[in-house]
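S.K.: Its first residue numbered 1, the sequence shown is counted upward by one per residue in our numbering. Below is the structure I would like to discuss, written out as structure tokens.
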Amino acid sequence: MWLQPDEILLKNAFKLWVTEEDNEYFVLQRRRGYGEGGGGLTGLLVGTLDTVLDSTSKVAPYRILHHTPDSQVYWTIACGVTKEEIVQHWDWLQQNIMRTLSVFDSSEDITSFVQGKIRGLIAEEGKSSLVLEEDPEKFREALLRFEKWFELPPKEKLVTYYSCSYWRGKVPCQGWLYLSTNFLCFYSYLLGAEVKLIISWDEIWRLEKTSNVILTESIHVLAHGEDHYFSMLMHLNETFVIMEQLADYSIKRLFDKEAFQREPALSDPMQITKRGLEAHAKSEQFRTFFRLPKEENLLEVHESFLWVPFSHFNTLGKICLSENYLCFASQDGSQCHVIIPMREVINVEKSDSSSRALTVCVRGKKALRFAEVRDYQRLANTIRSKCGISASPQHSASSEAIRGTCQSLINHFEDNPEDVTLMVGQKDSSKAVSTEALMTVFHPQDVENLDPKMLKEKMKEQSWNIHFSEYGRGTSMFFTRKTRDLIVRGVPEALRGELWMLFSGAVNDMATHPGYYTDLVEQSLGTSTLATDEIERDLHRSLPEHPAFQSDTGISALRRVLTAYAYRNPKIGYCQAMNILTSVLLLYAKEEEAFWLLVAVCERMLPDYFNRRIIGALVDQAVFEDLIRENLPQLVEHMTDLSFFSSVSLSWFLTLFISVLPIESAVNVVDCFFYDGIKAILQLGLAVLDYNMEALISCHDDAEAVTILNKFFDSVTNKDSPLPPTVQQASMSNNDKASHFNVDISELIKEAYEKYGNIRSEEVESSRKRNKLHVIQTLEDTTKQNVIRVVTQEVRFSASHLDRLYNLFKRQHFLCCYWTMKSPALLHHDPSLAYLEQYQLGFQQFSMLFSLLEPWAFCNPKSTLSLWIFRLIDENQDGLVNFKEFCCALDTLYSGSFTNKLKFLFKLHLPPAFTGSPLHIKEQRIQHFTPVPEDSSHLTRLAAFDLPEDGVIRKSPERGRGKVDLQAYLKQWQNEILKKEETIKDLPRINQTQFIQFSKTLYNIFHGDPEEESLYQAVAHVTSLLLRMEEVGRRLHESSSPPESTKPANTAAAESSTQEASTTPENSDTSSSFNSQDAGPDLTELDWSFSFEQVLASLLNEPTIVRFFERPVDIQTKLGQARVAQLKLKANK
1 MWLQPDEILL
11 KNAFKLWVTE
21 EDNEYFVLQR
31 RRGYGEGGGG
41 LTGLLVGTLD
51 TVLDSTSKVA
61 PYRILHHTPD
71 SQVYWTIACG
81 VTKEEIVQHW
91 DWLQQNIMRT
101 LSVFDSSEDI
111 TSFVQGKIRG
121 LIAEEGKSSL
131 VLEEDPEKFR
141 EALLRFEKWF
151 ELPPKEKLVT
161 YYSCSYWRGK
171 VPCQGWLYLS
181 TNFLCFYSYL
191 LGAEVKLIIS
201 WDEIWRLEKT
211 SNVILTESIH
221 VLAHGEDHYF
231 SMLMHLNETF
241 VIMEQLADYS
251 IKRLFDKEAF
261 QREPALSDPM
271 QITKRGLEAH
281 AKSEQFRTFF
291 RLPKEENLLE
301 VHESFLWVPF
311 SHFNTLGKIC
321 LSENYLCFAS
331 QDGSQCHVII
341 PMREVINVEK
351 SDSSSRALTV
361 CVRGKKALRF
371 AEVRDYQRLA
381 NTIRSKCGIS
391 ASPQHSASSE
401 AIRGTCQSLI
411 NHFEDNPEDV
421 TLMVGQKDSS
431 KAVSTEALMT
441 VFHPQDVENL
451 DPKMLKEKMK
461 EQSWNIHFSE
471 YGRGTSMFFT
481 RKTRDLIVRG
491 VPEALRGELW
501 MLFSGAVNDM
511 ATHPGYYTDL
521 VEQSLGTSTL
531 ATDEIERDLH
541 RSLPEHPAFQ
551 SDTGISALRR
561 VLTAYAYRNP
571 KIGYCQAMNI
581 LTSVLLLYAK
591 EEEAFWLLVA
601 VCERMLPDYF
611 NRRIIGALVD
621 QAVFEDLIRE
631 NLPQLVEHMT
641 DLSFFSSVSL
651 SWFLTLFISV
661 LPIESAVNVV
671 DCFFYDGIKA
681 ILQLGLAVLD
691 YNMEALISCH
701 DDAEAVTILN
711 KFFDSVTNKD
721 SPLPPTVQQA
731 SMSNNDKASH
741 FNVDISELIK
751 EAYEKYGNIR
761 SEEVESSRKR
771 NKLHVIQTLE
781 DTTKQNVIRV
791 VTQEVRFSAS
801 HLDRLYNLFK
811 RQHFLCCYWT
821 MKSPALLHHD
831 PSLAYLEQYQ
841 LGFQQFSMLF
851 SLLEPWAFCN
861 PKSTLSLWIF
871 RLIDENQDGL
881 VNFKEFCCAL
891 DTLYSGSFTN
901 KLKFLFKLHL
911 PPAFTGSPLH
921 IKEQRIQHFT
931 PVPEDSSHLT
941 RLAAFDLPED
951 GVIRKSPERG
961 RGKVDLQAYL
971 KQWQNEILKK
981 EETIKDLPRI
991 NQTQFIQFSK
1001 TLYNIFHGDP
1011 EEESLYQAVA
1021 HVTSLLLRME
1031 EVGRRLHESS
1041 SPPESTKPAN
1051 TAAAESSTQE
1061 ASTTPENSDT
1071 SSSFNSQDAG
1081 PDLTELDWSF
1091 SFEQVLASLL
1101 NEPTIVRFFE
1111 RPVDIQTKLG
1121 QARVAQLKLK
1131 ANK
């Protein structure tokens, strides 16, 4: 590697370096302690210094220096990890530089020329280099060390590195922490003791900052049951954030299968940079805070003052700009923020340069003035360009004309609402979509009703109208502390739908997708999928006591919304609890609005909640447990096992308390949720536990605690609700609750905000990331334990060996996903399938892992033998091998009897494993193996382009789009139960071509064994014996039947072909190397064959062969070697 020329002193350097070659202008040196001899004690000390000190000397063991005869100054110009690399540089200098240097007269000119040439080479390398970091030179050195020490595949992208201490017990090891796209690595070398650590991000259970008596502050990593601590970091917080981001990126990419298509910085794992991760984290925080669509990315941030008209003063904050939104958030504690969609901006005006201000004019006669913006001119031009606004003076007049035209159109559509559908592109079928909230249909407000509850409702509406007049209404409304106060007191029934749309950000989704929902309804209605079946089953379980869902109007609207969403997002499809949530949304929002609210909840506000494993809800329960420990210590002291609260609170999170509270109270909780997100649910959960603290502490078991909480929820009322008794759930059991003290929901929410309102959303998000690792790994561990429990009954491996095998199997799956976003292997992982089928390997993955684990080293990843083994153990012929199939094959080879091992090898050379003609094998591309099930004749007629891209026939369609064939699953299960043990008499006979290949396989197995020669002789003896047996049998047959002229010729041909196979082992080192002449005569002309019993009897007479196959194999050692070699095999591929 060429280095930027750097001046060094050689006063004591020759004690650390040995000169290998030199000439008049260059010196090639080797570091002591490397290469031949090791360097003794000096080399040991040098190696330690190289690891601890961050100097150029430790970059590589070889370097090239430049000097001139009349100067004592030396310049480093190149370094190398291997001698071959540095010699290449040396040879290049000899051939391209040395001749040129003779034309210069002065040493200064020579040095200047060499330096310029080397810098030019580095610049040329940099054009194609993926490394784009703050200090490219130091980063290139670190990258060289990273590649040398850890020997990971060249595709692995180093993101950043830090100097730190790694604690092994109570002893710290000073070294270097390397963070790459897929791995956390550490290296230390102290006085001959080398410490090397490689942990993949997807194996980490816990990642957190900790402190104790010994370590004031450190980063704790838990992986594979082992604790790792890293301390003495100069930038600990920065290091932890990067580690957290890389772990989160890995989890989203490998488990959630997120492709980051809208984020170029993260869309390619080989291009990940520290800067890209930071930008992603900021964009994610920006979207979460302002409730913006996933497509938005934070582009610019400007500090400024915003003139707040209702307070009559400037508030300090930051302008955040994305592709389609201009947002502002205060930083002075006023909790003021505003969101301006670019589609609402009609003009941008700049003031005089002294105030550095700009005014953004918004529809609805509103204007926002931003002052003290450092780069206000560029910001103004950016906003104009995004809104399509011209900066010319004539624009103001044209914009007034456009606004006048728009206003006339608005007036027209208000008078003729039926014309709106023509403008937004909706079709006539939109008449089927409900245009009113169900509450207004089934419970219209009586304007003349002046009872106390209705009067209070009118007062609430008046308070909100005053708020709208001061702070604005609609998308560009100011959000302030007063807004939250009004939310806590309860939202008026008439405004609930509008405010939910605004606070959730769904109003922007709906505005930017006109006609989308109607089209989706048309496309989805009438489809029959697993999701639609589940929806139909749950329709009448959704708020059955409410009149709206006792009629076809409500049920039909609920069906349309849920079916449309399942069609839009097949990854989620439909999950229980979505029906309850959607039914409440339909009560207060129009049907299309309810759909976009559901999108906002499922895809932004409650990520990963609505899937088979409800990971999001489990993560938030873990966050809830952390908050209980922090805020309710008394409860923690009494109930040390907080898992009880996880089980009891699951419905709180999944349904936002709708399933446990009366509907008239639950909607107040939903109000707070749409404004404050999950933080509102966590606060309320703490308030509920705090309210029942004494009763919970005094209870004796979990059942009693559940009863206490259920009674409490039954007692919660909404004294201000204007809903009639037919709608309210609480009124149905008033008699039962007469003796119980009632709790008003508004008071409970107010208490939650007062006591726990200091919980910050940023802390919740950080806790979510931390706990998500643990939740996912716990679920993965549960899957592993269930798989091992099933497989243990089929094999003789111990539980610990199966555990290690499973880890290798799962790791092999992920190894194919680390360096690409669109790996077909990701499609093989489906957590919704049965435990055994969640992780499966395709042929490429299988062949690499099997070659590491099989006991006789006869099967390399690229051989056709790997393909035959894959076909043999792929029982259902779907092109994928599950863990059980994989272990059963290994168990036969490791622990099976001589007969079983031989039977396995024998079956390898029979269909469906061995297909016969070598020409067919050559034509079949192993790299793109596409299996075709024998019992599915209709699939044989499919052309290649009819199959999926990865060539794998799917067992499980996406949940929103296809139906799972349950009958096929049941039939497969029944067949497995009734499957009888295969006997040796059930095996078909082996023909000549198959027997030749069988013999070659035996030679491959015996190759390299200490008794190789005697084993070869034994095989030759067996083949000769079998041929004589066949010849005797043939003669007996001929004596009892008329001879045919073709038989003797065929026998001679068969004998010569078989003898060729049995006497020339050197020609069959690999099973994939034989050619068409090995096939012998055409198979249709042959009528001789051997049974398995004949082959077994012959081989049993050879003690050498029997002893070889019965020789025990050290499984423990093999598993350890496989784990070390797994990454190297991928690196050398």
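Each residue gets a CB set at the ideal place from its N, CA and C atoms; glycine is no exception.
#1: Output the distance between the C-alpha atoms of I272 and D714, rounded to the nearest integer angstrom.
#2: Give the straight-line distance between the Cα atoms of S766 and S643, rounded to the nearest whole angstrom.
#3: Taking the alpha-carbon positions, what's the S866 to C859 distance?
#4: Which two residues bound the contiguous beta strand (DSSP E) that contains R30?
#5: Skipping 5 residues on each side, what residues in its chain have a beta carbon closer than 6 Å to that of S665?
#6: Helix, strand or coil: how does DSSP classify Y74 here?
#7: Considering just the uninterrupted stretch of the alpha helix (DSSP H) at P633, what are its terminal residues?
#8: Going by DSSP, name the residue or residues bridged to C327.
#9: Strictly by DSSP, which residues pair up with W307?
#10: Can you tell me which of the three DSSP states D248 falls into?
#11: Could you spell out where the beta strand (DSSP E) holding P5 opens and where it closes?
#12: Output the distance between the C-alpha atoms of L258 and L598, rounded to the nearest integer angstrom.
#13: Per DSSP, F186 is paired with what?
#14: Which same chain residues, not among the five before or five after V1113, have their C-beta less than 6 Å away from its C-beta?
#15: Hey, how far is the Cα of E704 from the Cα of T640?
#16: I'd like to know if I615 contacts chain B, where contact means its C-beta is closer than 8 Å to some C-beta of that chain.
#17: Just how far apart, CA to CA, sit L495 and D485?
#18: Closest by CA to T563, which one among S551, L539, L585 and L543?
#19: Is it the case that the stretch 460-467 contacts the stretch 322-340, given that we only count it when at least three CB pairs across the two stretches are under 8 Å?
#20: Counting C-beta neighbours from all protein chains within 10 Å, is the total for I697 16 or more, i.e. buried, or is it exposed?
#21: Quick check: the Cα distance between K318 and E372, rounded to an integer number of angstroms?
#22: Check the DSSP bridge columns for Y161 and list the partner residues they point to.
#23: Can you tell me whether DSSP reads Y806 as helix, strand or coil?
#24: Given this structure, state the Cα-to-Cα distance separating W17 from S188, to the nearest angstrom.
#25: From the DSSP output, which residues share a beta bridge with I204?
#26: Cβ of V27 within 8 Å of Cβ of H67?
#27: Please return the same chain residues whose Cβ sits closer than 7 Å to the Cβ of C173, not counting the five positions on each side in sequence.
#28: Mind reading off the beta-carbon distance from S524 to Y567? Whole number of angstroms is fine, and I expect it under 8 Å.
#29: Would you kindly check if the distance between the Cβ of R811 and the Cβ of Q1116 is under 8 Å?
#30: Do you know offhand how far G1120's Cα is from N807's?
#31: Check L277 in the structure and name its three-state DSSP category.
#32: Answer yes or no: do L1027 and F906 have a C-beta to C-beta separation smaller than 8 Å?
#33: With DSSP as the reference, identify every bridge partner of T80, one or two as the case may be.
#34: Counting C-beta neighbours from all protein chains within 10 Å, is the total for A193 16 or more, i.e. buried, or is it exposed?
#35: Just to confirm, are I658 and I580 a CB contact at a threshold of 8 Å?
#36: Should the stretch 1101-1108 be called in touch with the stretch 1010-1023, which here means at least 3 C-beta pairs below 8 Å?
M.R.: By the coordinates alone:
#1: 52 Å
#2: 21 Å
#3: 6 Å
#4: F26 to R31
#5: V716, N718 and I745
#6: strand
#7: P633 to H638
#8: C320 and I339
#9: N314
#10: helix
#11: W2 to I8
#12: What sits at residue 258 in the sequence shown is Glu, not Leu. So the two alpha carbons sit approximately 20 Å from each other.
#13: L177 and L197
#14: P855 and Y894
#15: 16 Å
#16: The structure shown contains no chain B; it holds only a single protein chain.
#17: 16 Å
#18: L539
#19: no
#20: exposed
#21: 11 Å
#22: Y178
#23: helix
#24: 21 Å
#25: A223
#26: yes
#27: S165, Y166, S188, L190 and V195
#28: 4 Å
#29: no
#30: 12 Å
#31: helix
#32: no
#33: The question names Thr, but residue 80 is Gly in the sequence shown. DSSP lists Y62 as partners of G80.
#34: exposed
#35: yes
#36: yes
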